[in-house]
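Protein chains in written order, with my numbering: chain A, 15 to 250; chain B, 15 to 250; chain C, 15 to 250; chain D, 15 to 250.
Working notes, structure below.
There are 4 protein chains.
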Amino acid sequence: MTPLTRRTVIQAAAMSPVLATAAAAPATSPDSQSTMNAGAFGFQHTPVPLPFDTKSLRGISEKLIQSHWENNYVGASKALNTIRARLMQAAADSNTPPYVYTGFKREQSIRTGSVVLHELYFANLGGNGNAPADLRKRISDSFGTYDNWESEFRKIGQGLGGGSGWVVLGFNEHLKLLENYWLADHATNPAFTRPVLVMDMYEHAYQMDYGAAAAKYIDAFFANIQWDTVAKRLPA
Amino acid sequence: MTPLTRRTVIQAAAMSPVLATAAAAPATSPDSQSTMNAGAFGFQHTPVPLPFDTKSLRGISEKLIQSHWENNYVGASKALNTIRARLMQAAADSNTPPYVYTGFKREQSIRTGSVVLHELYFANLGGNGNAPADLRKRISDSFGTYDNWESEFRKIGQGLGGGSGWVVLGFNEHLKLLENYWLADHATNPAFTRPVLVMDMYEHAYQMDYGAAAAKYIDAFFANIQWDTVAKRLPA
Amino acid sequence: MTPLTRRTVIQAAAMSPVLATAAAAPATSPDSQSTMNAGAFGFQHTPVPLPFDTKSLRGISEKLIQSHWENNYVGASKALNTIRARLMQAAADSNTPPYVYTGFKREQSIRTGSVVLHELYFANLGGNGNAPADLRKRISDSFGTYDNWESEFRKIGQGLGGGSGWVVLGFNEHLKLLENYWLADHATNPAFTRPVLVMDMYEHAYQMDYGAAAAKYIDAFFANIQWDTVAKRLPA
Amino acid sequence: MTPLTRRTVIQAAAMSPVLATAAAAPATSPDSQSTMNAGAFGFQHTPVPLPFDTKSLRGISEKLIQSHWENNYVGASKALNTIRARLMQAAADSNTPPYVYTGFKREQSIRTGSVVLHELYFANLGGNGNAPADLRKRISDSFGTYDNWESEFRKIGQGLGGGSGWVVLGFNEHLKLLENYWLADHATNPAFTRPVLVMDMYEHAYQMDYGAAAAKYIDAFFANIQWDTVAKRLPA
């Protein structure tokens, strides 16, 4: 927990005895004896470091990836923790109308998406971009050919150029489909989907290095894919 | 495949030899030898019947649940299939700009969400509303108490009254959190989440029986939850 | 101001002397001598009555239109006032992070849209559905024929059936175009557009009378259009 | 009309005699004798040049503003024209289901918003940043003080940092309110609002010059406001 969010939680706790326990309880050992201090309410997110040397990416500068991690991802983690603390306040306050409460839930959804998608994105970078044969086969089994897949994945990215969103190769656990998804923002997702390969198309992912040339960033993204990580995300 | 969507697919197929195979190939046996006829492109959805007697729900009329299934869910399935056929056309047409293509991907995401969430919703109805003890414990382990959970779940539903959206008790596979989510529409979802209990808050889920009284519908929903199905969705 | 929102505002006022004036000041006489008590912050909305006899609409029942006005429109007015009071609190609290503040601004935008669009919708009902010749000419000047216009307007409505949103014939003041718009929700709008004819496609506008048969509601809407009001909204 | 979009329109026209006229008719002289060739369908947008010397802005580089105009604004204009041509095709094709048609209307709304907001944004840049006294009074009349206004306007911008959207000081013509609005994207807008001052918070507006330091860009924006243009947008 960062000092900022710890302060926020302590402020919340000071307003209500019920929250004091929540703020203190570690997220990993929820105490079901108490009220409202377990994971769903008390959880606070801790940012994880980048899983690769920031100097090691080809075509994505150290400055950009460091700024991306620090300003956008760690920023989202702080925002998520603050929103979660505000939600605890709002849940404990009987004067909170449902439509005010859902306003915070909306923000929780956005920040959760940003944290989760950023972690998946960073974790599927740092590789050499060479997809192993068995993964290529899994992909071509679903898309007809591997090129069909790559072509659609890149096209979705280009369609997001100049805007914001994500491209996800995902496995829909309900429909049992491996397909590409277009995400309008952090909170958009196809229901019940396991992300397999995640590409950030927010402009902070490339403007600093490439300006408006989103296609060049997509090239760089492909050159750095950590396919071993990607392979492990696919169900057997 | 309904006659309507079959016609659409055949129209698409007629425009391009490459699509002819796609239209004919059954979704369950993708042929990786061919081009673009496997799951990601060729899949067409078949609606599943309601898993309970439409007369059996308490407080949700036969007329409403039948209309909900037929007009909203089967309608979404038809729309998904049509959009998927249009996507195949667009993918095969080199004149399709990326931002036109992503317009179809957006619709695909919305219709996919509607189909998946509706199937999960109907499948968690038809029960007696009594949550088994071990599931109550799982929930209270995360929410502090079972009442905390139910209170937040209902509050999110009330906040959606008069609008549209979904309430989902979900397990976030990345953060390992069991929490409640507010969904603005079919395409909103927290990333990498397994839906456990799904409540439809679109007005077609209750207006016919309850008018604007969303809270009464939420009571009826709780009385009909099929908890055995819900329990199986939770990871062990 | 309703008792509910007055209470909320008074609670806000109690937290900060600066807000006490705001709560008391009537929206119609902003006092530029004071701090933060003028229109942008202090305004509170008062619902306007329906401009027609609730028994007079053809094909839209008294029960439905009364519920629509009371539950959805007056409800949105109350929600807007509550959100505005919370915004005053948040603006006066230096601990409010910008991303928490914008969460409230988002809600303000949604509720403002709901209030404004509902008032425009009700005000363009209660007529006999016969468009005067000069207005028909204005429409056909832009759409080629009047039928082109009506056909597209109805088609957009049908596309929203089973979901939620609005259809608006609007005059874009920047592009000088009279065209039809599809609105995904209360907060969606083409920039700088004057709404001319507004049709509510949220399911509360028709489910109680027509169930899922949105096309029948669209017929009823057309039969009740108050074209004199519509004509006055068009720029000369 | 750019070559690209002219080609698209001609392709559309080739599919249907009814569209041939539309493609040829200049937007400024709609022919009400014909079918579907007037403004609402036949209009094609022509980009306007930047209203200031690209070297003249303080703290916003020539490279950035040139890229912003060319890639994001002219790109949006092309996309709008292509979408409008596709809409003409879809309107003329009786096989187009309403939900496919509304997919195009959604894109039309997004591209229209991008074009309009960008033109308003560029037009309110190129000045010296000094608000004239009478405008300051109009603002303080609504916000209590001018500082209240500026503080909220900046805060909304900061809340959008790292994401995308717009900040608008707008006059709501229905509620008669001068207030600040938060726009999630090009298609979000409070209904019936006249934009008065428009600030682009998409990352392409600042990343190239400031990286993630959105607050520095907001400073630069304020230093370049063309207040004379802003003043003329306010109703008397």
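All residues carry an ideal CB built from backbone N, CA and C; glycine is no exception.
| Check | Outcome |
| --- | --- |
| For Leu-134 of chain D, which residues of its own chain have a beta-carbon under 6 Å away from its beta-carbon, when the five flanking residues on both sides are left out? | Pro-209 and Val-212 |
| At a Cβ threshold of 9 Å, is Thr-68 of chain D touching chain C? | no |
| Please state whether DSSP places Arg-247 of chain A in a helix, a strand or coil. | helix |
| Would Arg-120 of chain A be called buried (16 or more neighbouring beta carbons within 10 Å of its own) or exposed? | buried |
| CB-CB under 7 Å to Ser-123 of chain D, same chain, minus the five flanking residues each way: which ones, in chain order? | Ala-201 |
| Out of B:Met-102, B:Leu-131 and B:Gly-143, point me to the one whose CA is closest to Val-88 of chain B's CA. | B:Leu-131 |
| Name the chain C residues that come within less than 8 Å of Arg-120 of chain D, Cβ to Cβ? | Trp-196 and Ala-198 |
| Out of curiosity, what's the CA-to-CA distance linking Asp-242 of chain C and Ala-234 of chain D? | 48 Å |
| Taking CB distances under 9 Å as the criterion, tell me whether Lys-77 of chain A reaches chain D. | yes |
| To the nearest angstrom, how far is the alpha carbon of Asn-85 of chain C from that of Ile-74 of chain B? | 21 Å |
| Quick one: complete beta strand (DSSP E) runs, 3+ long, within the stretch 171-208 of chain D? | 180-186 and 191-197 |
| To the nearest angstrom, how far is it from the Cα of Ser-30 of chain D to the Cα of Gln-103 of chain D? | Per-residue confidence for Ser-30 of chain D stands at a pLDDT of 33, beneath the threshold of 50, marking its modelled position as unreliable; the derived number appears in the next sentence. Whole-angstrom Cα-Cα distance: 8 Å. |
| Please list the terminal residues of the continuous alpha helix (DSSP H) segment that includes Gln-221 of chain B. | 221-224 |
| Can the beta-carbon of Leu-71 of chain D be found closer than 9 Å to that of Leu-139 of chain D? | yes |
| Along chain C, in chain order, which residues have C-beta atoms closer than 7 Å to that of Lys-169 of chain D? | Pro-112 and Tyr-115 |
| May I have a chain-ordered list of the alpha helix (DSSP H) segments no shorter than 4 residues that lie completely inside the stretch 93-174 of chain A? | 112-137, 147-157 and 160-174 |
| Report the CB separation of Pro-112 of chain C from Lys-230 of chain D in whole angstroms; it is logged as a contact under 8 Å. | Rounded, the Cβ-Cβ distance is 15 Å, inconsistent with contact. |
| Output needed in chain order: residues of the stretch 221-237 of chain D with a Cβ under 7 Å from some Cβ in chain A. | Gln-221, Met-222, Gly-225 and Ala-226 |
| Would you please state the rounded distance, in angstroms, between the beta carbons of Ala-99 of chain D and Glu-166 of chain C? I believe it to be under 8 Å. | Not confirmed; about 15 Å, so no contact. |
| Please list, in chain order, the residues of the stretch 88-107 of chain D that have any C-beta partner in chain B closer than 8 Å. | Ala-93, Thr-96, Ile-97 and Arg-100 |
| Taking the Cβ atom as the reference point for each residue, do Glu-193 of chain B and Glu-217 of chain C lie within a distance shorter than 9 Å? | no |
| Taking all protein chains shown into account, decide if Lys-92 of chain D is buried (16 or more other Cβ within 10 angstroms of its Cβ) or exposed. | buried |
| Give me whichever residues DSSP pairs with Met-213 of chain D in a beta bridge. | D:Val-181 |
| By the three-class DSSP mapping on this structure, what secondary structure does Ala-237 of chain D have? | helix |
| For Gln-58 of chain D, name the three-state secondary structure that DSSP assigns. | coil |
| I'd like to know if Ser-154 of chain C contacts chain B, where contact means its C-beta is closer than 9 Å to some C-beta of that chain. | no |
| Might you give, ordered along the chain, the residues of its own chain that have their beta carbon closer than 7 Å to the beta carbon of Ala-145 of chain C, omitting 5 neighbours on each side? | Trp-241 |
| Please list, in chain order, the chain D residues whose beta carbon lies closer than 8 Å to that of Pro-204 of chain C. | Ser-123, Thr-126, Gly-127, Val-130, Ala-201 and Asn-203 |
| Please go through the same chain and pick out, in chain order, the residues whose beta-carbon is closer than 6 Å to the beta-carbon of Ala-245 of chain B, but skip the five residues on each side of it. | Leu-149 |
| Comparing alpha-carbon positions, which option in D:Arg-247, D:Gly-177 and D:Thr-116 lies nearest Leu-197 of chain C? | D:Thr-116 |
| Comparing the CB of Arg-100 of chain D with every heavy atom of the ligand ZN, is any distance shorter than 8 Å? | For the structure depicted, the ligand ZN is absent and the ligand set is empty, with no information on it obtainable. |
| What does Arg-208 of chain B touch in chain A if you count any residue whose Cβ is under 8 Å from its own? | Glu-187 and Phe-206 |
| What are the start and end residues of the alpha helix (DSSP H) that includes Glu-76 of chain C? | 76-81 |
| At 9 Å on the CB atoms, spell out the chain D contacts of Ala-145 of chain C, in chain order. | Here the premise fails: no neighbours, minimum Cβ distance about 16 Å. |
| Name the residues in the stretch 170-182 of chain B whose C-beta lies less than 8 Å from a C-beta of chain C; which are they? | Gly-176, Gly-177 and Ser-178 |
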